[in-house]
Amino acid sequence: MVIVLTETSATELAVGPGEPHPVDELWLSTTDTTAITGWSMKPEGFCKDDICVPTPPGKADRFVQGDAINLSAFWRLMGKPAVRSENADVWLLGEGASLRNDALLSLEAPDFTLPDLDGELHSLTDFRQKRVLLITWASW
Amino acid sequence: MFESVKNEDFMIVSVAMDADIEAARPWIEAASPDYITLIDQNHLLSSLYNMVNVPQAVWIDESGTIVRPVETGGSLDVVKEYDQDLRGYKPDVAERAAHAKSTYINAVKDWAVNGSASAFLFGPDEARKRVPAMTNEIAVAHAKFQLGQYLKRNGRTDEADAIFAECRQLHPDSWNIFRETTERTATGLAAGKEFWGKVRSLGEKQYYATIDMEGMPG
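Going line by line, the protein sequences match chains A and B.
Heads up: the first sequence runs through residues 2 to 141, numbered per the numbering used here.
Heads up: the second sequence runs through residues 47 to 264, numbered per the numbering used here.
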């Protein structure tokens with residue numbers, strides 16, 4: 002069993018970690034890949050919305066084998082962190098620095114959804130039409 | 047801190063950067079804030095907004111545009127002047143810090159009342175200049191931090207601690223990562239030997255970056 006985390010989701014998959022691939026590679030079916038990340042294989046490459054990342058020439062079998070996608074390889078090719086637990090049973094697909102920088106430089110406040118103390122979820126965009134002072138603190 | 051800022055066009059979204067929700071609960075309930083308080087166990091905001099400490103603040107206007115990028119939320123950089131014998135700050139230091147805080151709160155009030163006419167807002171070019179740049183190391187640190195939090199919540203403490211140590215190395219400027227993942231005192235504060243050791247090793251660097259605002263003490 003493998004658990005694949007993104008910033009906003011946790012998905013449990015029946016595939017075993019590694020086997021038959023190296024432990025530092027996360028291979029998923031095309032269906033699981035799209036369900037978890039929104040990215041999918043197309044003739045042009047690995048795509049989401051109008052962005053496509055071509056499979057590096059001459060290395061296609063390092064990225065795609067039949068119905069399986071080396072998701073960690075594509076993720077890292079895009080400059081995004083794909084990190085894992087020691088035995089590779091938990092993976093986290095993170096966001097890359099360049100997308101973060103582009104988002105902040107656009108000056109559009111990055112949206113998020115977080116719970117209050119009662120577990121009720123709130124998004125930043127719920128407060129559009131208001132001026133928002135977003136301020137952090139911690140108990141520590 | 048912002049109790050007197052009341053305005054229907056204005057809202058405070060206060061976010062607790064706490065892996066342990068129960069650690070935040072007494073603070074939230076004691077303060078009974080009439081603004082919204084959210085819990086960010088994975089420090090998602092650190093990753094989204096490139097935050098490194100608390101309190102840090104971002105001013106966002108009615109259209110969702112950042113009009114003051116991430117900055118220290120009213121605190122003055124006096125941590126290095128903390129007096130271990132007094133267990134607090136000397137009166138003159140405390141006064142400077144209070145002055146900084148009230149200057150910041152008054153600016154927030156000005157914005158709450160005057161909106162886009164407030165003199166404290168940055169235009170797009172000025173705002174962009176003040177956005178801190180994220181590096182690949184920082185992005186990896188945030189990813190590993192979230193992974194570590196997941197493992198910790200699932201009882202894999204040793205593995206999580208090893209990952210947190212990597213996070214602290216990858217992003218040494220993040221007090222959020224450091225304080226969330228290092229020793230706590232009996233009262234739950236990340237202000238033990240490790241913390242003060244790191245503060246002492248700051249040298250010329252700041253614990254709280256100076257707020258770029260008219261009237262703010264340096």
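From the three backbone atoms N, C-alpha and C, an ideal C-beta is built for every residue, glycine too.
Bear in mind the structure is a predicted one, so any value in this text is a computation, not a measurement.
(request) Please name the residue, chosen from ASP204/B, ILE67/B and ILE184/B, that lies closest to GLY120/A on a Cα-to-Cα basis. (result) ILE67/B
(message) In the DSSP assignment, the alpha helix (DSSP H) including ARG142/B goes from what residue to what residue?
(response) 137-160
(request) Give the residues of chain A in contact with ASP107/B, contact being defined as C-beta atoms less than 7 Å apart. (result) ARG132
(message) Using the three-state DSSP reduction, which class does SER37/B fall into: helix, strand or coil?
(response) Residue 37/B lies beyond the range of chain B shown here (47 to 264); nothing can be said about it.
(message) I'd like to check one pair, LEU197/B with ALA185/B: are the Cβ atoms closer than 8 Å?
(response) No. Outside cutoff.
(message) At a CB distance below 7 Å, what residues from the region 218-234 of chain B approach chain A? Give them in sequence order.
(response) ARG225, GLU226, ARG230 and GLY234
(message) Nearest by alpha-carbon distance to SER121/B: which of GLY110/B, GLU250/B and ASN99/B is it?
(response) Among GLY110/B, GLU250/B and ASN99/B, the Cα nearest to that of SER121/B belongs to ASN99/B.
(message) Against chain B, does GLY13/A count as a neighbour if the rule is that its beta carbon must be under 8 Å from one of theirs?
(response) Reading the sequence as shown, one finds Glu at residue 13/A and not Gly. So no, GLU13/A is outside the interface.
(request) Return yes when at least one heavy atom of the ligand COA lies under 7 Å from the C-beta of ALA173/B, else no. (result) By its list of ligands, the structure shown contains no ligand whatsoever, and the ligand COA lies outside what it can speak to.
(request) Starting from the Cα of GLU109/A, find the closest Cα among ASP64/B, LEU216/B, TYR95/B and LYS190/B and give me that residue. (result) TYR95/B
(request) Spatial neighbours of GLY161/B within its chain, please: CB distance less than 8 Å, with the 5 preceding and 5 following residues excluded, ordered by chain position. (result) ASP55, ASP107 and GLU108
(request) Tell me whether the beta-carbon of ALA65/B lies closer than 8 Å to the beta-carbon of LEU93/A. (result) Not a contact, by the Cβ cut-off of 8 Å.
(request) Could you say which of VAL65/A, THR137/A and LEU118/A lies nearest to HIS1/A if we only look at CA atoms? (result) Residue 1/A falls outside the range modelled here, since chain A spans only 2 to 141, and no answer is possible.
(request) Check each residue of the region 159-176 of chain B: if its Cβ is closer than 8 Å to any Cβ of chain A, include it; give the result in chain order. (result) GLY161, PRO170, ALA173 and ARG174
(request) Could you tell me whether the Cβ atoms of ALA235/B and VAL91/A are closer together than 8 Å? (result) For clarity, residue 235/B is Leu in the given sequence; the question names Ala instead. No; because the gap between Cβ atoms is not below 8 Å, this pair is not in contact.
(request) Check the DSSP bridge columns for CYS53/A and list the partner residues they point to. (result) CYS48/A
(message) Assuming PHE75/A is part of the alpha helix (DSSP H), what are its boundary residues?
(response) 72-78
(request) Leaving out five residues on either side along the sequence, give the residues of the same chain with a beta carbon under 8 Å from the beta carbon of ASN53/B. (result) ALA158 and VAL159
(message) Check this for me: beta carbons of LYS136/B and LEU248/B, under 8 Å apart or not?
(response) no
(request) Taking a Cβ distance cut-off of 9 Å, strictly less, list which residues of the region 64-85 of chain A are near chain B, in chain order. (result) GLY80, LYS81, PRO82, ALA83, VAL84 and ARG85
(request) Check each candidate in ARG133/B, MET97/B and ALA143/B and name the one with the smallest Cα separation from ALA187/B. (result) That would be MET97/B, whose Cα lies nearest to the Cα of ALA187/B.
(request) Please state whether DSSP places LEU197/B in a helix, a strand or coil. (result) Helix.
(request) Return the first residue and the last residue of the beta strand (DSSP E) that LEU135/A is part of. (result) Going by DSSP, LEU135/A is part of the beta strand (DSSP E) stretching over 132-138.
(request) With DSSP as the reference, label VAL30/A as helix, strand or coil. (result) According to the sequence shown, residue 30/A is Ser rather than Val. Of the three classes helix, strand and coil, the one that applies to SER30/A here is strand, per DSSP.
(request) For THR83/B, write down the residues that DSSP places opposite it in a beta bridge. (result) SER60/B
(request) Using a Cβ cut-off of 8 Å (strictly closer), state whether LEU27/A contacts chain B. (result) LEU27/A does not count as touching chain B.
(message) The alpha helix (DSSP H) that contains GLU13/A, what's its start and end?
(response) Taken as a continuous stretch (DSSP letters only), GLU13/A belongs to no alpha helix (DSSP H), being part of the beta strand (DSSP E) at 11-14.
(request) Give the secondary structure of SER78/B by DSSP, where H, G and I count as helix, E and B as strand, and everything else as coil. (result) With a pLDDT of only 48 at SER78/B, under 50, the local geometry of the prediction cannot be trusted, and no value is derived from it.
(request) In angstroms with no decimal places, state the Cα-to-Cα distance between GLU13/A and PHE191/B. (result) 20 Å
(message) Distance cutoff 8 Å, beta carbons only. Does GLY110/B sit that close to anything in chain A?
(response) yes
(request) Check ARG114/B in the structure and name its three-state DSSP category. (result) If DSSP states are grouped into helix, strand and coil, ARG114/B belongs with the strands.
(message) Between the region 71-79 of chain A and the region 163-171 of chain B, can you find at least three pairs of beta-carbon atoms closer than 8 Å?
(response) No contact exists between the region 163-171 of chain B and the region 71-79 of chain A.
(message) If you measure between the beta carbons of ARG101/A and MET180/B, is that distance less than 8 Å?
(response) yes
(message) Looking only at its chain, what residues have a beta carbon closer than 7 Å to the beta carbon of ALA1/A, apart from the 5 residues adjacent to it on each side?
(response) Examination of residue 1/A is not possible in this model, given that chain A is present from 2 through 141 alone.
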